[in-house]
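Worksheet: one structure, shown below.
Protein chains: 2
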Amino acid sequence: MTDQQDQNGAAGRHLQIGTFLFDDVDQIDVTGPFEVLSRLPNATHRFFAVENRPIRDVMGMRLVPDAAISEAPQLDILHMPGGPGNEPLMEDEAVLNWLRHQAGGAMAVFSVCTGALLLGAAGLIVGKRATTHWTTHHLLHSFGATAVDARVVRDGSYLFTAGVTAGIDGALQLAADLRGQSAAELIQLEMEYAPEPPFNSGTPEAAPAEVLAAVRLGDSELAGRRAATARRMAKLLGISRT
Amino acid sequence: MTDQQDQNGAAGRHLQIGTFLFDDVDQIDVTGPFEVLSRLPNATHRFFAVENRPIRDVMGMRLVPDAAISEAPQLDILHMPGGPGNEPLMEDEAVLNWLRHQAGGAMAVFSVCTGALLLGAAGLIVGKRATTHWTTHHLLHSFGATAVDARVVRDGSYLFTAGVTAGIDGALQLAADLRGQSAAELIQLEMEYAPEPPFNSGTPEAAPAEVLAAVRLGDSELAGRRAATARRMAKLLGISRT
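The listed protein sequences derive, respectively, from chains A and B.
Residue 15 is where the first sequence starts when you use our numbering, and the numbers rise one by one after that.
Residue 15 is where the second sequence starts when you use our numbering, and the numbers rise one by one after that.
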């Protein structure tokens, strides 16, 4: 476990890993990476929310934060999940300031799904190569980022993943970056992660046309709101959307 | 979405899906399937625990149940996650009776990871083809089941999956069984489930030898306890372990 261990200066040092929780998060953006990162040697993984009370994921699952964001230490790893609930937070200056502060001092920023958009609203992804959920990929350039069509995208200390379950793949990559490939492989074996999706519908390219149309229709209201917010953000950030 | 919709007599009927929660569950056994099953049309997915208070997963994540098991309705789908915390429950008659009662009236019983062992302790897998986490696969026969080396195994109304993340694959299969393949494909696309594990270490066969040895060593204390419990269970169930 020594080959890549020192890549981020993480070797031997206890790591503070923190996930930002909010109502209407997509829970597996949180829980997929937690399954991996909470098992890293010599690390503590905790959840932080604006208020220290349980949050509800978009489908109703309730998760309990460990503390309020105001009580969080400087994190070594800032983990940003996505979900419809980050849309109203994109103009919440207290949250955006906390993210800027944490990201500024973190060794790694790990974005899952539409988490990239909230980081974008904080002005943190300008000039970066990034990815996000396929339904919002076209909005990345409003935040000054270059959209990359890949499941996991690294740019310096930032690691971005595509939608939802891509967080598991990204977290394993991050685990290897921080503690070496063997540490990541050990966690992968413990969680028996040798996926066999029973259907081939995990990307817009692979999904049957009527399935793709149904998802787009179901997403259209949120997509409209996200696009409007992205336009306002682009203006605020001084980005010309050409 | 009509091709397989009626396979379990589920068409058109509102489905009650329930997950049994307990301390020291492995959270992604819960949250992976919840990501899929909570999105089924015309269904309610809730969490039930012995007491209606937050539980802690084996790595410290806190999940809030919706009600105590004593308040649960007859479930259509009984979802049984695994994790080290089910070991002490294997001789808890109140829990075992609740499981027998629920399984007896359910349309489907869905076991993830070592959830199969707790179902086994309730005497529910005698004569069934089953699977579980690779570290406990050899214990299935103590409960009268035939161990099958597959990620997802169906036997009548029972669906068993291998360890941890296999619950996602099994839940997509179950979703298709209940609401048709298109419904499952839609959920798969929403959760962008087109996995790309960065390493090839998800099974004992694929993992590097030193990684496999490290997981076995880390698991040895729990494995010993589980084996002893399985021996007692085999005696109780009148199963000769040859």
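Every residue, glycine too, gets a C-beta built ideally from N, C-alpha and C.
Since we're looking at a predicted model, the values are computed, not measured.
Counting only runs of 3 or more residues that sit fully inside the region 137-181 of chain B, the beta strand (DSSP E) segments are 166-169, 172-175, in chain order.
Residue range 57-63 is occupied by the beta strand (DSSP E) that includes ARG60 (chain A). With contacts defined by Cβ atoms closer than 8 Å, ASN100 (chain B) and THR146 (chain B) do not form a contacting pair. Residue contact check for ASP183 (chain B) against chain A: a CB pair falls below 8 Å. When B:GLN41, B:ALA237, B:LEU250, B:GLU204 are compared, the shortest CA-CA separation from ASN214 (chain A) is found for B:GLU204. Residue environment analysis places HIS152 (chain B) among the exposed positions, since fewer than 16 neighbouring C-beta atoms fall within 10 angstroms of its C-beta. Contact between the region 82-100 of chain B and the region 111-120 of chain B is established, with three or more Cβ pairs separated by less than 8 Å. Contact of TRP148 (chain B) with chain A by beta-carbon distance below 9 Å involves LEU203, GLU206. The CB of ARG53 (chain B) comes closer than 9 Å to the CB of MET73 in chain A, given here in chain order. Residues of chain B with a Cβ closer than 9 Å to the Cβ of SER171 (chain A) do not exist, since the nearest Cβ in that chain sits about 18 Å away. Every beta strand (DSSP E) of 3 residues or more that sits fully in the region 96-125 of chain A is shown, in chain order, as 122-125. Residue burial is scored here from C-beta neighbours: GLU199 (chain A) has at least 16 other C-beta atoms within 10 angstroms and is therefore classed as buried. Here the alpha carbon of ALA57 (chain B) sits roughly 15 Å from the alpha carbon of ALA86 (chain B). Under a criterion of Cβ atoms nearer than 9 Å, no residue of chain A is adjacent to PHE36 (chain B); the nearest Cβ is some 16 Å distant. For the region 215-229 of chain A, the beta-carbon criterion of a distance under 8 Å to any beta-carbon of chain B is satisfied by SER215, GLY216, THR217, PRO218, ALA220, ALA221, PRO222, GLU224, VAL225, LEU226, ALA228, VAL229. It is roughly 10 Å from the alpha-carbon of GLY137 (chain B) to the alpha-carbon of LEU131 (chain B).
Residue burial annotation: GLY118 (chain A) is exposed, with fewer than 16 other C-beta atoms found within 10 angstroms of its C-beta. According to DSSP, ARG70 (chain A) shares a beta bridge with A:ARG76. Per DSSP, ILE31 (chain B) lies in no alpha helix (DSSP H) segment; the continuous beta strand (DSSP E) that holds it begins and ends at 29-35. About 19 Å separates the Cβ atoms of ASP183 (chain A) and PRO47 (chain B), ruling out a contact at the 8 Å cut-off. Spanning the alpha carbons of ALA81 (chain B) and ARG53 (chain A) requires a straight line of approximately 29 Å.
Under the three-state reduction of DSSP output, ILE83 (chain A) falls in the helix class. Listed in chain order, the non-local C-beta contacts of ASN66 (chain A) below 7 Å within the same chain comprise PRO79, ALA81, ALA82, local neighbours out to five positions each way being set aside. Chain order gives the chain B residues near ALA198 (chain A) as PHE213, where near means a beta carbon separation below 7 Å. The Cβ atoms of ALA159 (chain B) and ALA180 (chain B) lie no closer than 8 Å to each other. Taking 8 Å as the cut-off, the beta carbon of GLN187 (chain B) is found closer than this to the beta carbon of LEU173 (chain B).
Interface annotation, ARG165 (chain B): in contact with chain A, CB-CB separation under 8 Å. The C-beta distance from ARG60 (chain A) to GLY32 (chain A) rounds to 6 Å, short enough to meet the 8 Å contact threshold.
For MET94 (chain A), the enclosing beta strand (DSSP E) covers residues 91-94. DSSP places VAL44 (chain B) in the helix class (H, G or I) of the three-state scheme. Annotated as distal: GLY134 (chain B) and GLU206 (chain A), with beta-carbon spacing of 8 Å or more. Ranked by Cα distance from MET247 (chain B), the first of B:HIS155, B:VAL123, B:PHE34, B:VAL72 is B:HIS155. Using a CB distance below 9 Å, the part of the region 115-139 of chain B facing chain A consists of CYS127, ordered along the chain.
At a cut-off of 8 Å between beta-carbon atoms, ALA190 (chain A) makes contact with chain B. For VAL167 (chain A), same chain residues with a beta-carbon under 7 Å away, outside a window of 5 residues either side, are ARG143, ALA144, THR145, PHE174 in chain order.
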